[in-house]
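First comes the structure, then the notes that go with it.
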Amino acid sequence: QESNPHLNSFKDSLRMTEDIKKELTPANIKEEENFAVDNQEKATEEEEELSHAEILDLFQEGLAMIVQDPLLCDLPVQVTLEEINSQVALEYGQAMTVKVKKGDGEIMPVVVIQNDTVLDLKKAIQRYVQLKQEREGGTQYISWKYIWRTYHLTFNGEKLTDDKMKLKDYGIRNRDEVTFIKKLRKK
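Every letter in the sequence shown is one number past the one before it in the UniProt record's numbering, and letter 145, counting from 1, is 145.
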C-alpha cells in the first residue's frame, strides 16, 4: 500500500508538535496528547479520503490547541515551528527578547538565544520583518544588504559593528533596546 505524501507530511508535523509538548508543563500535556492521538487515528482511518486542504485544517486545529497553552498564548494563530521553539526557549531562560527600535519609533520584539552574536540578531530581525509582512499581506521587497550598509544597530550609544561579537559582550540582556542609527557617510 502506497502512502500519501501529504499524509506523511501531516504525520511528521504531528510528531514535531508532540516533541514540543514534551517540553511543556505537565498540566496541559494529557489533554494535548489525547487531541494528537485522536487526530492520528482520524488520519489513519481516512488515509485515502483526506485532501490536502483537509489535512491542513487538521494541522491548524492541532496548532490551535498548542497555542492555547498558557506558555504559548502570545503567539499568532498562523504560528511557525521556529516561533514555538523560540517561545519555549524564552520560558526556559535559554533565549531573550531584544527590543529593536526603528527610526519611525516602532519597536520590534525579536527573540534570540542567550549567547547569539550580532549577526544572529540581524538574521532574527530579517525573519521577524519577513513573517510580519507575510501575515499582513505585504509584498514589499527589502534589500537587507542596503539596510546593513546604511544603518548601524546601537545599544546604549555603542555601535554594534562586529558581527561575530556576542550580544552579551556588548552588555545586551533580556528586554534591552537596540536602535537603528543611520551611518555617517565617509567622504
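Cβ atoms here follow ideal geometry from the backbone N, Cα and C, with glycine treated the same way. If you're wondering where the values come from, they're calculated on a predicted model, not measured in any experiment.
Met165 sits in coil when the DSSP states are folded into three classes, being neither helix nor strand. Taking 7 Å as the cut-off, the Cβ atoms of Tyr151 and Phe180 count as close. Using a 10 angstroms sphere on the CB of Ala124, the tally of other CB atoms reaches 16 or more, which defines it as buried. Within the same chain, Tyr170 come within 7 Å of Glu158 by CB-CB distance, once the 5 residues on both sides are set aside.
Under DSSP, Pro70 forms no beta bridge with any residue. Using a C-beta cut-off of 8 Å, the region 111 to 119 makes no contact with the region 49 to 58, since fewer than three inter-stretch Cβ pairs fall below that distance. The Cβ atoms of Asp163 and Leu119 sit closer than 7 Å to each other.
When the beta-carbon positions are compared, Arg175 and Thr97 come within less than 7 Å of each other.
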